[in-house]
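Each remark here refers to the structure printed beneath this line.
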Amino acid sequence: MGCGVSKSKEFFKQEEKAIKAAVLIQRWYRQYVARTEVRRRYTWHIFQSMEYSGEQSQIKLYNFLGYLMDNFTPTSNERNLISHIFRENEFCRDAEWERHFDYKNIEVPEVYSGPHLEFPLTVEQVTQLVDAFRNKRQLHSRYVLQLLLETWKVLRMMPNISRVFTCNTKEITICGDLHGQLDDLLLIFYKNGMPSLEKPYIFNGDFVDRGKDSIEILLILFSFLILYPRDVQLNRGNHEDHMVNLRYGFTKEVLTKYRMHGKRILKLLQKIFSWLPLATTIDQKVVVLHGGISDTTDLNVIARVDRHKYVSCLRPPKKRNQSLAGISVDSDSTETPQHVGSAKKMPARQMSLNSNTNAKAKPLGGHRDSFHNRSLQDLSQRVQKLTVEEELEVRRRQAGLHKPGFSHSQEQLNPSLSADSCLESTDVCDSVTDEWKQILDLLWSDPMSQDGCVPNEVRGGGCYWGPDVTEDFLNRHNLQFIIRSHECKQEGYEFCHNRKVITLFSASNYYEEGSNRGAYIRIGPDLLPHVVQYQASSMTRELTVRRGQGRTEHSALRELREQLFAHKSDLMGAFQKSDKENTGQVSLTDWASAVESVMHLGLPWRMLRTQLVTTCKTSDGMLNYNLWFDELAIREPSTDHIENSLLETLYKHRSTLETIFRVVDKDNSGFISMEDFRQTWKLLSVYLKMEITDKAISDLAVSIDSNHDGRIDIDEFMEAFRLTDKKSRMERGRSMFMGTANDLTLLEGDPNI
Numbered sequence: 012m013g014c015g016v017s018k019s020k021e022f023f024k025q026e027e028k029a030i031k032a033a034v035l036i037q038r039w040y041r042q043y044v045a046r047t048e049v050r051r052r053y054t055w056h057i058f059q060s061m062e063y064s065g066e067q068s069q070i071k072l073y074n075f076l077g078y079l080m081d082n083f084t085p086t087s088n089e090r091n092l093i094s095h096i097f098r099e100n101e102f103c104r105d106a107e108w109e110r111h112f113d114y115k116n117i118e119v120p121e122v123y124s125g126p127h128l129e130f131p132l133t134v135e136q137v138t139q140l141v142d143a144f145r146n147k148r149q150l151h152s153r154y155v156l157q158l159l160l161e162t163w164k165v166l167r168m169m170p171n172i173s174r175v176f177t178c179n180t181k182e183i184t185i186c187g188d189l190h191g192q193l194d195d196l197l198l199i200f201y202k203n204g205m206p207s208l209e210k211p212y213i214f215n216g217d218f219v220d221r222g223k224d225s226i227e228i229l230l231i232l233f234s235f236l237i238l239y240p241r242d243v244q245l246n247r248g249n250h251e252d253h254m255v256n257l258r259y260g261f262t263k264e265v266l267t268k269y270r271m272h273g274k275r276i277l278k279l280l281q282k283i284f285s286w287l288p289l290a291t292t293i294d295q296k297v298v299v300l301h302g303g304i305s306d307t308t309d310l311n312v313i314a315r316v317d318r319h320k321y322v323s324c325l326r327p328p329k330k331r332n333q334s335l336a337g338i339s340v341d342s343d344s345t346e347t348p349q350h351v352g353s354a355k356k357m358p359a360r361q362m363s364l365n366s367n368t369n370a371k372a373k374p375l376g377g378h379r380d381s382f383h384n385r386s387l388q389d390l391s392q393r394v395q396k397l398t399v400e401e402e403l404e405v406r407r408r409q410a411g412l413h414k415p416g417f418s419h420s421q422e423q424l425n426p427s428l429s430a431d432s433c434l435e436s437t438d439v440c441d442s443v444t445d446e447w448k449q450i451l452d453l454l455w456s457d458p459m460s461q462d463g464c465v466p467n468e469v470r471g472g473g474c475y476w477g478p479d480v481t482e483d484f485l486n487r488h489n490l491q492f493i494i495r496s497h498e499c500k501q502e503g504y505e506f507c508h509n510r511k512v513i514t515l516f517s518a519s520n521y522y523e524e525g526s527n528r529g530a531y532i533r534i535g536p537d538l539l540p541h542v543v544q545y546q547a548s549s550m551t552r553e554l555t556v557r558r559g560q561g562r563t564e565h566s567a568l569r570e571l572r573e574q575l576f577a578h579k580s581d582l583m584g585a586f587q588k589s590d591k592e593n594t595g596q597v598s599l600t601d602w603a604s605a606v607e608s609v610m611h612l613g614l615p616w617r618m619l620r621t622q623l624v625t626t627c628k629t630s631d632g633m634l635n636y637n638l639w640f641d642e643l644a645i646r647e648p649s650t651d652h653i654e655n656s657l658l659e660t661l662y663k664h665r666s667t668l669e670t671i672f673r674v675v676d677k678d679n680s681g682f683i684s685m686e687d688f689r690q691t692w693k694l695l696s697v698y699l700k701m702e703i704t705d706k707a708i709s710d711l712a713v714s715i716d717s718n719h720d721g722r723i724d725i726d727e728f729m730e731a732f733r734l735t736d737k738k739s740r741m742e743r744g745r746s747m748f749m750g751t752a753n754d755l756t757l758l759e760g761d762p763n764i
């Protein structure tokens, strides 16, 4: 008996130890999962914050250029420099575009080994086209132009809101953003089958930009649209816009792949984008649209708009100016007529650019005609501390244009419209503005969890709408739910608003390898969405969760460190405000506050400090901010001839500068003249309200023009001044996955997270 009792006690002791060990393991695992989730969330937040910041910058730049267009006379060099991009957005007759589609004089050489197309297209030809693009072969420009012509003919016959039906047992497949990632489209076709009469598809916009195969995706989708115009629907996205394409890569891609006829192809695509339908309904119970809705969205209004007038949705269309002396707004000529006042007298406009918004307004120059002798430098001296947006707000108050129901998203995206255009013709302006707002909200808006509808200040256009707006919209139009895209989601999809709004994103690995899955939806007659997820890269699928997270986090932090270094001057000023005694050190709390005050990214900086601040902390917990900047990033050797402030400006506004370059490059040649280079920098300096001396610009231009041909290669210039992450340079040649376990151990050992 005694022996049995002893064994029983020993058993219970071992059982107790096992339970304690299980509890400890469970606690550790929960902490590990929690920390991994925190890392995943802040990595995602970094990527999205920088993406939306770029979109906001693009819209602000476009507003600024529009501001110059509205306030400089056609005789000014500055207006002539940018006027061609606004002429693209003016209304013109379709007949004027037909001459751009002429492909018959383009010969296909015998050495061409790519796919050949004959019209009408057949299934075999389209299949061969897909296979050719899979094997990295390019379609000849003659066939591209011919295909675009046939696409335009089909789109012109389609309504603003397409209707499809799930008759019998037919399922409809819906795809979200593809963003030039051909591998995702090919994987969808492999898993789900190619479009056909039995396999209808809806592609929900954002086919182009960011990825490297945007033109191939367009040509594939257009081919299937021509084959099956009733069974393949292409909705327009916010990236089907030539102004957005200037910044995010599609313009550059087309000009690189089609050097001889790239300009014509881009011009035709601008027109085709404007003819893309704006939404699609399934069984009149489900609506598929790219961005979202607002509290004023009305499908009846959207169904009636002349969608092809909105070549760019960033700015309302203006009536064609008949005083252009016979010059077509869509001609290849980039010259601007010297006199337009003979047919219609320009209205007198006064503007205050006084930095004190409460002071009495002082006109910048009186009537608009007085801008004839103005220059960008003159304008720069007057804006001083007041931003363009603040100035336009003053002008709106002065004009008494704050009316009930005026769209916040419209004011935010194009404030000059309310201050200027509506003064000329209120009735026309209200009509055009309402149409434009409907399209703008449809392409740019995002859902939010709170009730209501507010301006989308993160993106800079559209709105955020809540569950109450969704409920009202669905009830008014007798719909069950909304399928939209526009936002990258880690799982490729997301339900919100009581599962009545589905966000669908089809570009996997969007931010970085392993950052997110792609997804598509199949819907049958029961209207129940069936989500299919995937990841296009085989390498990504082979990664463990830990390695995939480490790779994505590494990429996000690298971009963040470069952005921090690019804002060195502003950050230094913020640190020095906290460093009253000029010791060169700040506390980690002051560091976090200063970084957020400059970057405005809404990131958890205190949590990120273990990733961003390592060797420059002192023994008493202070941070040496001078050493921290040295730790962040370094310059390439080729930038030694550039002063630090100019280099910082270059990188901080690199995308904006490249966009201005491509605007100034009127003939899309990839080169700009020395004079246009100087004008580009003047535009940037006024836009940023900063001083860039003529000598600094001239020295920069001369140093870049290494072959002394008097031209600047845009691509070479932008690549010459890329900041590189110091840590990445040190680790170059090593595997990105090495050290992931150490990083995890370090993170787990930090009690402050």
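Note that the sequence shown covers residues 12 to 764 in the working numbering.
Cβ coordinates follow ideal geometry from the N, Cα and C atoms, glycine included.
Per DSSP, TYR259 lies in no beta strand (DSSP E) segment; the continuous alpha helix (DSSP H) that holds it begins and ends at 253-259. The beta carbons of LEU614 and HIS190 sit about 24 angstroms from each other, so the pair does not count as a contact at 8 angstroms. Straight-line measurement puts the Cα of GLY525 at about 27 angstroms from the Cα of SER68.
Membership of PRO120 in any alpha helix (DSSP H) is not indicated, and neither H nor E is assigned to it by DSSP. With fewer than 16 other Cβ atoms from the protein chains shown falling within 10 Å of its own Cβ, ASN489 counts as exposed.
In this structure the stretch 533-546 does not lie against the stretch 302-314, because fewer than three pairs of beta carbons, one per stretch, are closer than 8 angstroms. Around LEU257, the same chain offers THR670, ARG673 as residues with beta carbons nearer than 6 angstroms, after the five sequence neighbours per side are excluded. Judged by beta-carbon spacing, LEU568 lies within the 9 angstroms limit of LEU619, meaning their Cβ atoms are closer than that value. Rounded to the nearest angstrom, the Cβ distance from ILE213 to ILE185 is 5 angstroms, consistent with a contact under 8 angstroms. Under the three-pair Cβ rule at 8 angstroms, the stretch 673-689 counts as touching the stretch 711-730. At a Cβ-Cβ threshold of 9 angstroms, SER124 and TYR269 do not count as neighbours. If only complete runs of 3 or more residues are kept, the stretch 213-285 shows the beta strand (DSSP E) at 243-245, in order along the chain.
In this structure, LEU245 keeps its C-beta atom at 9 angstroms or more from the C-beta atom of ASP224.
Pairwise C-beta distances place the stretch 246-255 in contact with the stretch 449-469, as three or more of them are shorter than 8 angstroms.
SER234 sits close to VAL137, with the two beta carbons spaced by under 9 angstroms.
Between the alpha carbons of GLU446 and TYR114 lies a gap of roughly 35 angstroms. Counting only runs that start and end inside the stretch 585-616, the beta strand (DSSP E) elements of at least 3 residues fall at 596-598. For ILE708, the enclosing alpha helix (DSSP H) begins and ends at 705-715. Short of 7 angstroms from the beta carbon of LYS500, and not among the five residues preceding or following it, lie these beta carbons of its own chain, in chain order: THR514, PHE516, ASN527.
In the DSSP assignment, PHE492 falls within the unbroken beta strand (DSSP E) covering 492-495. In the three-state DSSP reduction, MET169 falls in the coil class, being neither helix nor strand. Listed as beta-bridge partners of ASN635 by DSSP are GLN596. Put simply, the backbone Cα of GLY632 is about 29 angstroms away from that of MET61. Apart from the 5 residues on each side of it in sequence, GLU523 sits with its Cβ closer than 6 angstroms to the Cβ of THR563, SER566 in its chain, given in chain order. Here ASN637 is exposed, its C-beta having fewer than 16 other C-beta atoms within 10 Å.
DSSP places GLN136 in no beta strand (DSSP E) but in the uninterrupted alpha helix (DSSP H) bounded by 134-145.
Taking the C-beta atoms as reference points, VAL255 is found no nearer than 9 angstroms to LEU196.
Rounded to whole angstroms, TYR662 and PRO206 show a C-alpha spacing of 43 angstroms. According to the DSSP secondary-structure assignment, TRP476 is paired through a beta bridge with PRO458, CYS464. Here GLN596 has ASP590, THR629, MET633, LEU634, ASN635, TYR636 as same chain residues with Cβ atoms under 8 angstroms from its own Cβ, once five neighbours each way along the sequence are excluded. The straight-line gap separating the alpha-carbon atoms of VAL243 and PRO211 is approximately 6 angstroms.
Between the C-alpha atoms of ARG689 and SER285 there is a straight-line separation of about 33 angstroms. Following the DSSP letters along the chain, one finds ALA290 in no alpha helix (DSSP H) but inside the beta strand (DSSP E) bounded by residues 290-293. Cβ contact annotation for VAL609 (same chain, cutoff 6 angstroms, sequence separation greater than five): HIS578, ASP581, LEU582, ALA585, in chain order. Non-local C-beta neighbours of VAL316 in its own chain, meaning closer than 6 angstroms and more than five positions away in sequence, comprise GLU446, ordered along the chain. With fewer than 16 other beta carbons inside 10 angstroms of its own, PRO120 counts as exposed.
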